[in-house]
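> One structure, as structure tokens, below. Some questions next.
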Amino acid sequence: MTDESMEKLATEAWLYGYPLVTAAVTKSNMTAVPARDDSRRKAPVNQFCYMRTTPDASFTEVVSPNADTLYSSAWLDLSDQPLVLALPEFGDRFWMVPILDAWSNVCAVVGQRDNGPSAGPFLIAGPSWSGGAPAGLTLLKSPTAVNWIIARYATSGPSDFPAVNRLQDDTRLIPLSEWTGDPDDHSPPADVPVPADAVTTTAPVDQVHALSGREYFTLLNQMMVDNPPDPADAPFLGSAAKLGIAPGASLDDLSPDELATLDAGAQRGPEVLRDLLARTESANSGGWTVHRGLGDYGTDYAKRAVITRFGYGANLDADALYPHATTDADGRLLDGAHTYMLHFDAGNTPPVDGFWSLTMMNEHQLFADNPLDRYAIGDRSGMRTNPDGSLDIHVQHDNPGPDRESNWLPAPAGSFNVFLRLYWPQQPALTGDWTPPPLQRTS
Numbered sequence: 086m087t088d089e090s091m092e093k094l095a096t097e098a099w100l101y102g103y104p105l106v107t108a109a110v111t112k113s114n115m116t117a118v119p120a121r122d123d124s125r126r127k128a129p130v131n132q133f134c135y136m137r138t139t140p141d142a143s144f145t146e147v148v149s150p151n152a153d154t155l156y157s158s159a160w161l162d163l164s165d166q167p168l169v170l171a172l173p174e175f176g177d178r179f180w181m182v183p184i185l186d187a188w189s190n191v192c193a194v195v196g197q198r199d200n201g202p203s204a205g206p207f208l209i210a211g212p213s214w215s216g217g218a219p220a221g222l223t224l225l226k227s228p229t230a231v232n233w234i235i236a237r238y239a240t241s242g243p244s245d246f247p248a249v250n251r252l253q254d255d256t257r258l259i260p261l262s263e264w265t266g267d268p269d270d271h272s273p274p275a276d277v278p279v280p281a282d283a284v285t286t287t288a289p290v291d292q293v294h295a296l297s298g299r300e301y302f303t304l305l306n307q308m309m310v311d312n313p314p315d316p317a318d319a320p321f322l323g324s325a326a327k328l329g330i331a332p333g334a335s336l337d338d339l340s341p342d343e344l345a346t347l348d349a350g351a352q353r354g355p356e357v358l359r360d361l362l363a364r365t366e367s368a369n370s371g372g373w374t375v376h377r378g379l380g381d382y383g384t385d386y387a388k389r390a391v392i393t394r395f396g397y398g399a400n401l402d403a404d405a406l407y408p409h410a411t412t413d414a415d416g417r418l419l420d421g422a423h424t425y426m427l428h429f430d431a432g433n434t435p436p437v438d439g440f441w442s443l444t445m446m447n448e449h450q451l452f453a454d455n456p457l458d459r460y461a462i463g464d465r466s467g468m469r470t471n472p473d474g475s476l477d478i479h480v481q482h483d484n485p486g487p488d489r490e491s492n493w494l495p496a497p498a499g500s501f502n503v504f505l506r507l508y509w510p511q512q513p514a515l516t517g518d519w520t521p522p523p524l525q526r527t528s
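In the numbering used here, the protein residues as written are 86 to 528.
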């Protein structure tokens, strides 16, 4: 192979491994709990951490956060034994508990859509578990040892937080060896603090992109041991083996030129991600791109990497759709120097069985600071409709005035983008028979 083709292969391998390396780094960040930290925004492995309130502009742990739900999040290590997942009764509240494997595929999901107000308990088992589920437990099998649970419970705002916090407290993970059959017999184990130098505020994406080729692919090879690639990946891995990329492989015997090739792939990777997203966004409809087929990527490694970078933790389409806009109706990039309106005709708001919201993101795919601390607006926000039943959402940097403030989604002064999140979308949204109206630039 030529030097050019080898660098291309190294870049493709970087994209291929991106979700697995991102999982390793994010898990490390979110389970590094400093001493005397009672916030529970982080927790040791196999324990839940909690977002007791919706995120604000200071939240940087995960790109493209949402302000619609409270999270109970846990990083799992199933290499020793399975875990029991016990859940409370949810009543008529929208809830879902997806489990992502280490490659960012949703390997299991329970929630209101399929289970109604209650479900479980469940046994979450990894690839090393060959037994069945004991009586009273429903088996959820993951193909990887590392997994990420991102439980989401709808909330209507601060006055509703205490009720959701109680649901969070009653969402529990229990090692199978300690399971008695009654969740109330168990309380979370005491946190085990980590050394201060293991705690970082650097966003996981920045850490991943800063890795040299040797660092990146060494971590990838290590992670593939307990988190095996899908059998369908065998053809690609056969090629990647030329660069020393394989489960458990060492890079120590590579030549300086071969290591330089890996470095080139790691340097090129982030740029390729941006280009891939830009090409996807340019092929949109009315300013909106609807990324379909999320949470189940097969061998579409490029798509999987793009979603890991710009929407890590994405759900299956049946649970949530995320139309994304970076441009207005005329194809111009969204910018806080201008004002915009999103207009829904009467009866044409997003068709959902759950709920919907419009969420603001800054150029870093994080929440944009604003005087109202409002990062999303939607069908539970108390917006005013027009006399004919239509709905206008004002998307702009400056406050549009007291008569319109209830329908204002604040934007940053510079570049921004928005997600229209549809939870439990109805069939017209899933098939594309319903599409969002474009954002109209008004000044």
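Where is the CB? At the ideal position from N, CA and C, for every residue including glycine.
Reducing DSSP to helix, strand and coil, say where Gln352 ends up.
Start at 1 with the first residue of the sequence shown, and residue 352 comes out as number 267. The answer is helix: DSSP assigns Gln352 an H, G or I state.
> Between the C-alpha atoms of Leu170 and His423, what's the straight-line distance to the nearest angstrom?
Counting from one through the sequence shown, the residue named residue 170 turns up at place 85. Counting from one through the sequence shown, the residue named residue 423 turns up at place 338. The alpha-carbon atoms of Leu170 and His423 are separated by roughly 48 angstroms.
> Going by DSSP, name the residue or residues bridged to Ser442.
Stepping through the sequence shown from its first residue, residue 442 is reached at position 357. BP columns for Ser442 point to Gly463, Arg506.
> Report the start-end ranges of each beta strand (DSSP E) in the region 181-265 that is 3 residues or longer and not cut off at the edges.
Within the region 181-265, the complete beta strand (DSSP E) runs of at least 3 residues are 191-196, 207-210, 223-226, 231-239, 257-260.
> Helix or strand or just coil, what does DSSP make of Trp99?
The residue labelled residue 99 in the question sits at position 14 within the sequence shown. Note: Trp99 maps to helix in three-state DSSP.
> Would you tell me roughly how many angstroms separate the C-alpha atoms of Val249 and Ile184, rounded to the nearest one?
Indexing the sequence shown from 1 puts residue 249 at position 164. Indexing the sequence shown from 1 puts residue 184 at position 99. About 20 angstroms.
> Within a Cβ cutoff of 6 angstroms, which residues of the same chain sit near Arg121, ignoring the five residues on either side of it in sequence?
As a position in the sequence shown, residue 121 is number 36, starting the count at 1. In this prediction, Arg121 has a pLDDT of 43, which is less than 50 and means its spatial position is unreliable; what the coordinates show is noted afterwards. Here the set comprises nothing.
> So what does DSSP say about Asp338, is it helix, strand or coil?
Here residue 338 corresponds to residue number 253 of the sequence shown, with the count starting at 1. Residue state, collapsed to three classes: coil.
> Can you tell which of Gln481, Pro316, Gly467, Val110 has the C-alpha that lies nearest to the C-alpha of Pro456?
Here residue 456 is taken as the residue at index 371 of the sequence shown, counted from 1. That would be Gln481, whose Cα lies nearest to the Cα of Pro456.
> For Asn447, write down the residues that DSSP places opposite it in a beta bridge.
Locating residue 447 in the sequence shown gives position 362, counting from the first residue. The partner list for Asn447 (beta bridge, DSSP) reads Phe501.
> Let me check one thing: in DSSP terms, what residues is Ser297 bridge-paired to?
Working through the sequence shown from its first residue, we reach residue 297 at position 212. Partner(s): none; Ser297 has no beta bridge.
> By Cβ distance below 6 angstroms, which residues in the same chain neighbour Arg353 in space, the five residues on each side in sequence not counted?
Within the sequence shown, residue 353 is the residue found at index 268, counting from 1. Thr96, listed in sequence order.
> Do Leu401 and Val194 have their C-beta atoms within less than 9 angstroms of each other?
Your numbering for residue 401 matches position 316 in the sequence shown. Your numbering for residue 194 matches position 109 in the sequence shown. Closer than 9 angstroms, so yes.
> Residues in the same chain with beta-carbon distance under 6 angstroms from Pro355, minus the five sequence neighbours each way, listed in chain order, please.
Position 270 of the sequence shown, counted from the start, is the residue given in the question as residue 355. His294.
> Out of His271, Arg257, Leu344, which has the shortest C-alpha to C-alpha gap to Glu263?
The residue you call residue 263 lines up with position 178 of the sequence shown. Nearest option by C-alpha distance: His271.
> Can you tell me whether Asp123 is buried or exposed, with buried defined as 16 or more other CB within 10 angstroms of its CB?
Here residue 123 refers to the residue found at position 38 when the sequence shown is read from its first residue. Model confidence at Asp123 stands at a pLDDT of 48, short of 50, so the residue's coordinates are unreliable; what they give is reported in the following sentence. When all chains shown are included, Asp123 counts as exposed.
> Whole angstroms are fine: how far does the CA of Val148 sit from the CA of His449?
Taking the sequence shown and counting its residues from 1, the one referred to as residue 449 is at position 364. Taking the sequence shown and counting its residues from 1, the one referred to as residue 148 is at position 63. In a straight line, the C-alpha of His449 is about 8 angstroms away from that of Val148.
> What separation, rounded to the nearest whole angstrom, lies between the Cα atoms of Pro521 and Asp477?
Here the question's residue 521 lines up with position 436 in the sequence shown. Here the question's residue 477 lines up with position 392 in the sequence shown. Approximately 13 angstroms between the Cα atoms of the pair.
> Taking contact to mean at least 3 C-beta pairs separated by less than 8 angstroms, is the region 300-312 in contact with the region 326-338?
The answer is yes - the region 326-338 touches the region 300-312, with three or more Cβ pairs under 8 angstroms.
> Note down, in chain order, each residue of its chain lying with its Cβ closer than 6 angstroms to the Cβ of Val130, except the 5 sequence neighbours on either side.
As a first step, residue 130 must be located in the sequence shown, where it is residue number 45. Hits under 6 angstroms: Thr116, Trp160, Asp162.
> Could you name the residues of the same chain whose beta carbon sits closer than 6 angstroms to that of Ser244, not counting the 5 residues immediately before and after it, in chain order?
Against the sequence shown, residue 244 aligns to sequence position 159. Taken in chain order, the list of residues that qualify is empty.
> To the nearest angstrom, report how far apart Ala453 and Met445 are at their CA atoms.
Within the sequence shown, residue 453 is the residue found at index 368, counting from 1. Within the sequence shown, residue 445 is the residue found at index 360, counting from 1. Answer to the nearest angstrom: the Cα atoms are 7 angstroms apart.
> Between which two residues does the alpha helix (DSSP H) containing Ala514 stretch?
Position 429 of the sequence shown, counted from the start, is the residue given in the question as residue 514. Segment 512-516, the alpha helix (DSSP H) holding Ala514.
> So, are the CB atoms of Ala288 and Thr256 less than 9 angstroms apart?
Walking along the sequence shown from the start, residue 288 turns up at place 203. Walking along the sequence shown from the start, residue 256 turns up at place 171. Result no, Cβ atoms of Ala288 and Thr256 do not sit closer than 9 angstroms.
> Helix, strand or coil: which one does DSSP assign to Ser321?
Numbered from its first residue, the sequence shown carries residue 321 at position 236. A small fix is needed here, since residue 321 is Phe in this sequence, not Ser. Note: Phe321 maps to helix in three-state DSSP.
> Just to confirm, are Leu347 and Ala387 a CB contact at a threshold of 9 angstroms?
Locating residue 347 in the sequence shown gives position 262, where the first residue counts as 1. Locating residue 387 in the sequence shown gives position 302, where the first residue counts as 1. Cβ distance not < 9 angstroms, so Leu347 and Ala387 don't count as in contact.
> Tell me, please, which residues DSSP counts as bridged to Ala495.
Along the sequence shown, one-based indexing puts residue 495 at 410. Reading off the sequence shown, one finds Pro at residue 495, where the question assumed Ala. Pro495 is bridged to Gln481.
> From Gln132 to Leu258, what does the alpha carbon distance come to, in whole angstroms?
Locating residue 132 in the sequence shown gives position 47, where the first residue counts as 1. Locating residue 258 in the sequence shown gives position 173, where the first residue counts as 1. Approximately 6 angstroms, taken between the alpha carbons.
> Going straight from the alpha carbon of Ser153 to that of Gly221, what length do you get?
Residue 153 sits at position 68 when you count from the first residue of the sequence shown. Residue 221 sits at position 136 when you count from the first residue of the sequence shown. The question names Ser, but residue 153 in the sequence shown is Asp. Between Asp153 and Gly221, the C-alpha separation is close to 33 angstroms.
> Provide the residue(s) that pair with Leu162 in DSSP beta bridges, ordered along the chain.
Here residue 162 is taken as the residue at index 77 of the sequence shown, counted from 1. Note on residue identity: the sequence assigns Asp, not Leu, to residue 162. BP columns for Asp162 point to Val231.
> Mapping the DSSP letters down to three states, classify Ser143 as helix, strand or coil.
Stepping through the sequence shown from its first residue, residue 143 is reached at position 58. The answer is coil: DSSP assigns Ser143 none of H, G, I, E or B.
> Counting beta carbon pairs with one atom in the region 479-497 and one in the region 407-417, are three or more of them shorter than 8 angstroms?
No, they do not touch.
> Could you name the residues of the same chain whose beta carbon sits closer than 6 angstroms to that of Ala210, not counting the 5 residues immediately before and after it, in chain order?
To locate residue 210, count along the sequence shown from 1; it is residue 125. Pro167, Lys226, listed in sequence order.
> How many whole angstroms separate the CB atoms of Arg137 and Phe246, which I take to be in contact at a CB cut-off of 8 angstroms?
On the sequence shown, residue 137 is found 52 positions in, with the first residue counted as 1. On the sequence shown, residue 246 is found 161 positions in, with the first residue counted as 1. The pair is a contact, with the Cβ atoms about 7 angstroms apart (cut-off 8 angstroms).
> Check each candidate in Asp141, Lys112, Thr139 and name the one with the smallest Cα separation from Lys127.
Here residue 127 is taken as the residue at index 42 of the sequence shown, counted from 1. Among Asp141, Lys112, Thr139, the Cα nearest to that of Lys127 is on Lys112.
> Please tell me whether Thr393 and Ser189 are closer than 9 angstroms, where the distance is taken between their beta carbons.
As a first step, residue 393 is located in the sequence shown; it is residue number 308 there, counting from the start. As a first step, residue 189 is located in the sequence shown; it is residue number 104 there, counting from the start. Closer than 9 angstroms, so yes.
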